[in-house]
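Chemist:
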Amino acid sequence: MAWIVQIERIVAFAAVAALLCVVVRQTRPDMALALTLFAGAALLATYAAGLWQVVDAMSELSARAGLSDGFVATLSKVLGVALLGEFGAQVCRDAEQSALAQRVELGARLILTLMALPMLSSILDSALELVA
1 MAWIVQIERI VAFAAVAALL CVVVRQTRPD MALALTLFAG AALLATYAAG LWQVVDAMSE
61 LSARAGLSDG FVATLSKVLG VALLGEFGAQ VCRDAEQSAL AQRVELGARL ILTLMALPML
121 SSILDSALEL VA
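Our numbering applies: residue 1 is where the sequence shown begins, and numbers increase by one.
1. Between the alpha carbons of Thr74 and Glu129, how many angstroms are there, rounded?
2. Report the three-state DSSP secondary structure of Gly85 (helix, strand or coil).
3. Any idea what DSSP makes of Leu67, helix, strand or coil?
4. Leu110: which of Gly85, Asp69, Ala14 sits nearest, CA to CA?
5. Can you give me the Cβ contacts of Leu51 inside the same chain, cut-off strictly under 6 Å, excluding the 5 residues immediately before and after it?
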C-alpha cells in the first residue's frame with residue numbers, strides 16, 4: 001500500500017510541475033527550463049531512499065548466495081550510472097537538445113559496457129574452470 005501512495009505523490013508532483021512549466025513557458029521559457037530541472041532533481045531526491053532499499057536487498061541476496069561484496073558494489077554502480085544517464089538525457093530533451101541527449105545515452109551505455117567487462121571475464125573464467 002505504501003508504494004501506491006508513493007507513486008500517487010510522484011505523479012501528482014510531476015503533473016503540477018508539468019502544468020506550471022506549460023504556463024511559465026509561455027512568458028519565460030528560461031524559467032520553465034529551470035523549473036523542469038528543479039522538479040526533476042526533486043523527484044530524483046525522493047527516489048534516494050528507494051535506491052538504498054534496492055542496494056540493501058541486493059546485498060542481502062548476494063550474501064545468501066555467497067557472492068562477493070564486489071558483485072553488489074558493481075551492480076549498485078551500474079544502477080547509478082543507468083539512472084543518472086537516463087536523467088541527464090531527459091534533461092537534455094527537456095531543453096530540446098535531442099542530439100545531446102543521444103550522446104549522454106551513448107556515454108552511459110559505453111560506461112555500463114566497461115563496467116560489465118570484469119564481471120564477464122569472471123564468468124568466463126568460472127566456465128573455463130568447470131570445463132577443465
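Glycine included, every Cβ here is placed at the ideal spot set by N, Cα and C.
Modeler: For this structure:
1. 23 Å
2. helix
3. coil
4. Gly85
5. none
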